[in-house]
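In what follows, a single structure is set out as structure tokens and then discussed.
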Amino acid sequence: MRYDFAVIESKWQKYWDDHQTFRTDILSSKPKLYVLDMFPYPSGAGLHVGHPEGYTATDIFCRYKRMKGFEVLHPMGWDAFGLPAERYAMQTNIHPRITTEENINTFRRQIKMLGLSYDWSREVNTTDPKYYKWTQWIFLQLYNAWYDRRAKKARRIEELERELQQRGSADIAGAPFVSPNEWQAFTRKQKHDYLSQFRLAYVAEIPVNWCEQLGTVLANEEIDEWVEKGYKVERRPMRQWMMRITAYAERLLEDAAELDWPESTQEQQRNWIGRSEGAFIDFAVVERNERIRVYTTRPDTIFGATYIVLAPEHPLVETISHPEKASEIKRYKEIATRKSEVDRGTEKTKTGLFTGAHVINPATGKPIPIWIADYVLLGYGTGAIMAVPGQDERDWEFAESFNLPIVRTVQPPPDWTGKAYVDDGVAINSANPEISLDGLGVSEAKSKIINWLERKGIGKASTQFKLRDWLFSRQRYWGEPIPIIHLEDGTMATVPEADLPLLLPDLEKFQPSGTTESPLALASNWVAVVDKETGLTGRRETNTMPQWAGSCWYYLRYIDPYSTEVFCSKTLEQAWMPVQLYVGGSEHAVLHLMYARFWHKALYDLGYVTTKEPFLKLRHQGTILGEDSRKMSKSRGNVVNPDEVVKEYGADSVRLFEMFMGPLEEMKPWSTRGVEGVFRFLNRVWRLFVGSDGKVESSIKDCTATAEFERVYHQTVKKVGEDIESLRFNTAISQMMIFVNEATKLEVKPLRELKGFVLLLAPFAPHIAEEIWSILGSRSSLAYEPWPQFHESKVKESKVEVVLQVNGKLRSKVLVEIDTPEGELERLANEDEVIRRHCDGKKILKKIVVKNKLVNLVVGN
RNA sequence: GCCGAAGUGGCGGAAUUGGCAGACGCGCUGGACUCAAAAUCCAGUCUAGCUAACCCUAGGUGGGGGUUCGACUCCCCCCUUCGGCACCA
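Take any residue in the first sequence, count from 1 to its spot, add 740: that is its number in this note's numbering.
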């Protein structure tokens, strides 16, 4: 007989809904815990079995913590803007709002079917105007903020204006010089343009990644995904919205160190930020006034710099090149510019061109040639390098192909057979009348040469980052409109806060506009506006925000989802942030997780949130493979549909199996047999408690447990609790299976321990646990029953098996009282017949006795 | 190429301040119940040798070496798989 999971599960899901069992008391005085799942993009395909894995893990954790007396915030919502809905709209002309709503309904139904304990009253939806009003509002906060490098934080743009008004730009590093008088004399437009180079959200004309098939630009972080799917991404200069994430590079790197995040994710973020320490060095061009500034991480190798290379797009290329080379250079440049960075990266053979000009190597005083080559990128460092083939593999390769001289300045080891030597070693060939590095190690040589360069005013220590600013606009319909108006005088105005949300206009057709503009450009009535403040006519910004915008702050909205006054109440934010546990896919390692940290830090600087970091502890659920151990995909026909599995075995079995498969973070294959296995286990649990009459099983008595069974019980309480705390759900389930095996063997089953077990099972398989709990006589849910306690004294075995070894080989075992003294153990070993046989006639050289563990006799002949 | 994680039965996986390898589950084998099946229950299940059987013996955690009374666990070298980065100067 199988337990009727279908009836039980819908009964309890209705009960939880009706009684609002999991509604968070946001003002509770209990200790607070915020546990977050990455909210899904509600695709048309519905939930796949990967979703319930992470969701079940956090659900178990939350249910456990509620029983431990915590007030738990555990919400769910929808990251619903995005390209798939829009592409579907292009094909069908069905408004993405409609498909999105349908998809959300499917997802909500499927998630509810799994009995996850979300507080559904806090559901958010990024496409809801009541939600994106605040996404737009945050955009305006970023637009109206600048990064003050002196204070190492973002500040309001008014503060910058005030400073320019009073003191000009003198104290602001890197700012074009403006005196207070000049600033005051600036026109509206001049002020606007000057400020725009500081804003955290700004417009720039730069080469971007344009995808013709998608009809939109993509962020650097997004390119790989689409290229993999077979789309072409090309570089094109376009005017685009950018987010100044680079201002936060150092802080994003530093603050991550304190987070409890998977090492691989930390590593990916570090890689993406790409911090490097080095120096700028100026090289004077022979017979000209220009100087070429290079960036290098190996200033110590400067004596080996035998040529320098500029990126083809470098602004000085035209100026310094020999006139005879002009047409050749032009051609090379054209080819290079059109190549995407991806292409540049995949081409292995190096190309380049001599410009005909030379610079002086300031260390050797000798002229060296200037080349251009597309292995040097304009966007990194200064777009120019000093090439040191002796210590750099790329430079070596280039030098070999073009027959350029190679000078070693670091002594390779004697057995060195390679070409460029990039590791640590002693400097050689590195001296001039003023300075000698010879004999120094790399790091000493670096500081010495930097010091020299700085003294001579031709170099400067500097830190560089690979991270680029975040390309924030998309030529799409289905996204948050950017609340900016382009006025006729060439300035920009923000949509007043009171007018937010700036609603998406309804469109008849969703096709790309045919130009590089968003389909919104076709909504002419929407686009044309008159600015209230200035009376100027203007055009609305027609680009929309990328999908990542909404997910950058959703975790804050859950805390205060209905507020019409603020995006999130500050007192509530203070009470609930940061997120203590965040679970989601590792594919967001550098996208969502970096963008969200960036916005959070900006909001922190501006005083809207009180924590530096949003997500304290992060875990990724591992991918679930198909039954054939290959990636699930429609074409392979190995996709498992959660609806069907729930229908066949029930939600509790799905939850239990997904947790029992293996460690949360590991990749692991689905197994229908495995689901059957946990389903059998739940049936055994059911039969343990419930007789065939549907009443409490008659062998359960209110009696005292045997010492042995009591021990198993306490061991189970201990292990299950500890395993949930450390998210090792698979071993917690094993222990529960052991308990059930033991309990089943008993003729008379003690009620107290069995009731305790139901509470242990509840976070994992809540429906069956609630049902058994009610059959055992309770009228209310067990969701807030106190978690069972264990006593360490009762966990310990009273007797232990001590291993007897001879020469480290297991020969015998003895069962002794726990903590039997070493002397006694030794005596037992000596008396043991098997041991005697193995020691017979041999000399005992050494005895190792470990209490409660083993006796090892080392014998010789 | 570099960085990170990991390699344990037929399968998913347990076991870490170094101390009984293979918990728990799946599968498989045999048995009980049944007219029969399903379901359920019981027993067995790392490999090889020896055995009628139990015992016993030897080997065994990707491969090789080392440290140690004792190594899945620590150290060195190598191999494989997965993930990431990859002209970032």
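Glycine included, C-beta positions come from ideal geometry on N, C-alpha and C.
As the structure is a prediction and not an experimental result, all values here were calculated from the model.
Hey, which unbroken runs of the beta strand (DSSP E) at 3 residues or more fall wholly within the stretch 876–907? Runs of the beta strand (DSSP E) inside the stretch 876–907: 885–888, 893–896.
Is it true that the CB of residue 1499 sits closer than 8 angstroms to the CB of residue 1522? In contact: residue 1522 and residue 1499 (Cβ atoms closer than 8 angstroms).
Going by DSSP, name the residue or residues bridged to residue 939. DSSP output for residue 939 lists 886 as bridge partner(s).
Could you check what DSSP says for residue 949 in three-state terms: helix, strand or coil? Correct three-state label for residue 949: strand.
Endpoints, the alpha helix (DSSP H) within which residue 1196 is located: No alpha helix (DSSP H) holds residue 1196; DSSP gives it neither H nor E.
Apply the 10 Å Cβ neighbour rule to residue 1488 and answer buried if 16 or more other Cβ atoms are within range, or exposed otherwise. By the 16-neighbour rule on beta-carbons within 10 angstroms, residue 1488 is exposed.
Just to confirm before moving on: does the CB-CB distance between residue 1094 and residue 1109 stay below 8 angstroms? Yes, they are a contact pair.
Count Cβ pairs between the stretch 1525–1544 and the stretch 1556–1573 that sit closer than 8 angstroms; are there 3 or more? With contact defined as three or more Cβ pairs closer than 8 angstroms, the stretch 1525–1544 and the stretch 1556–1573 are in contact.
Nearest-angstrom Cβ-Cβ length linking residue 786 and residue 850, presumed shorter than 8 angstroms: Distance from residue 786 to residue 850 at the Cβ level is roughly 6 angstroms; contact confirmed, criterion being Cβ atoms closer than 8 angstroms.
CA nearest to the CA of residue 1057, picked from 1046, 1033, 1041: Selected option, being the one with the closest Cα: 1033.
Who are the near neighbours of residue 873 in its chain, counting only those whose CB is closer than 8 angstroms to its CB and skipping five residues on each side? Correct list, in chain order: 1240, 1241.
Three-state class that DSSP yields for residue 1300 in the structure shown: The DSSP-derived three-state label of residue 1300 is coil.
What residues are listed by DSSP as bridge partners for residue 980? 944.
Return yes when the Cβ of residue 1456 is within less than 8 angstroms of the Cβ of residue 1429, no when it is not. Their beta carbons are not under 8 angstroms apart, which means residue 1429 does not touch residue 1456 by this criterion.
Among 1227, 1325, 1587, 1298, nearest to residue 863 - alpha-carbon criterion: The residue with the shortest Cα to Cα distance from residue 863 is 1298.
Any chance you could list the alpha helix (DSSP H) runs of at least 4 consecutive residues sitting entirely within the stretch 1276–1350, in chain order? With a minimum length of 4 residues, the continuous alpha helix (DSSP H) runs that stay inside the stretch 1276–1350 are 1288–1291, 1294–1297, 1310–1316, 1332–1345.
Taking buried to mean at least 16 other C-beta atoms within 10 Å of its own C-beta, is residue 1318 buried or exposed? Taking all protein chains shown into account, residue 1318 has 16 or more neighbouring C-beta atoms within 10 Å of its C-beta and is therefore buried.
According to the neighbour-count rule (16 or more other Cβ atoms, all chains shown, within 10 Å of its Cβ), is residue 1533 buried or exposed? Flag for residue 1533 reads exposed.
Beta carbon of residue 1385, beta carbon of residue 1372: below 8 angstroms? Not in contact: residue 1385 and residue 1372 (Cβ atoms no closer than 8 angstroms).
Which residues share a DSSP beta bridge with residue 956? According to DSSP, residue 956 bridges with 951.
Are there three or more Cβ pairs, one per stretch, closer than 8 angstroms when the stretch 759–769 is compared with the stretch 1430–1448? Taking one beta carbon from each stretch, the stretch 759–769 and the stretch 1430–1448 have fewer than 3 pairs nearer than 8 angstroms; the two do not touch.
Going by Cα to Cα distance, which pick from 1233, 1097, 1074 is closest to residue 928? The alpha carbon of residue 928 has as its nearest neighbour, out of 1233, 1097, 1074, the alpha carbon of 1233.
Residue range of the beta strand (DSSP E) that includes residue 824: Counting along the chain, residue 824 falls outside any beta strand (DSSP E), though it belongs to the alpha helix (DSSP H) covering 823–832.
If contacts are defined as beta-carbon pairs under 8 angstroms, then residue 893 and residue 1345 qualify, I think. What distance do you get, rounded to the angstrom? Sure, about 4 angstroms apart at Cβ, within 8 angstroms.
Within 10 angstroms of its Cβ, does residue 1204 collect 16 or more other Cβ (buried), or is it exposed? Looking at its Cβ environment, which holds 16 or more other Cβ atoms inside 10 Å, residue 1204 is buried.
Taking the continuous alpha helix (DSSP H) assigned at residue 747, which residues delimit it? Element bounds for residue 747: 745–759.
Please report how far the alpha carbon of residue 1238 lies from the alpha carbon of residue 877, in whole angstroms. Spanning the two alpha carbons is a distance of roughly 10 angstroms.
Can you tell me whether residue 1156 is buried or exposed, with buried defined as 16 or more other CB within 10 angstroms of its CB? Exposed.
Residue 795 in three-state terms, based on DSSP: It is helical.
Reduced DSSP category for residue 1139 - H, G, I as helix; E, B as strand; rest coil: In the structure shown, the three-state DSSP call for residue 1139 is helix.
With H, G and I counted as helix, E and B as strand and the rest as coil, what does DSSP make of residue 963? In the structure shown, residue 963 falls within a helical segment according to DSSP collapsed to helix, strand and coil.
Going by C-alpha to C-alpha distance, which of 1165, 769, 895, 1480 sits closest to residue 1342? The candidate whose alpha carbon is nearest that of residue 1342 is 895.
Please name the residue, chosen from 1264, 1018, 1231, that lies closest to residue 1244 on a Cα-to-Cα basis. When 1264, 1018, 1231 are compared, the shortest CA-CA separation from residue 1244 is found for 1264.
Identify whether residue 1400 lies in helix, strand or coil by the three-state DSSP scheme. DSSP places residue 1400 in the helix class (H, G or I) of the three-state scheme.
Flag this pair as touching only if the stretch 977–988 and the stretch 935–949 have three or more C-beta atom pairs under 8 angstroms; answer yes or no. Judged by Cβ distances under 8 angstroms, the stretch 977–988 makes contact with the stretch 935–949, as three or more pairs qualify.
Kindly provide the ranges of any alpha helix (DSSP H) runs that are 4 or more residues long and lie completely inside the stretch 1111–1177, ordered along the chain. Within the stretch 1111–1177, the complete alpha helix (DSSP H) runs of at least 4 residues are 1133–1142.
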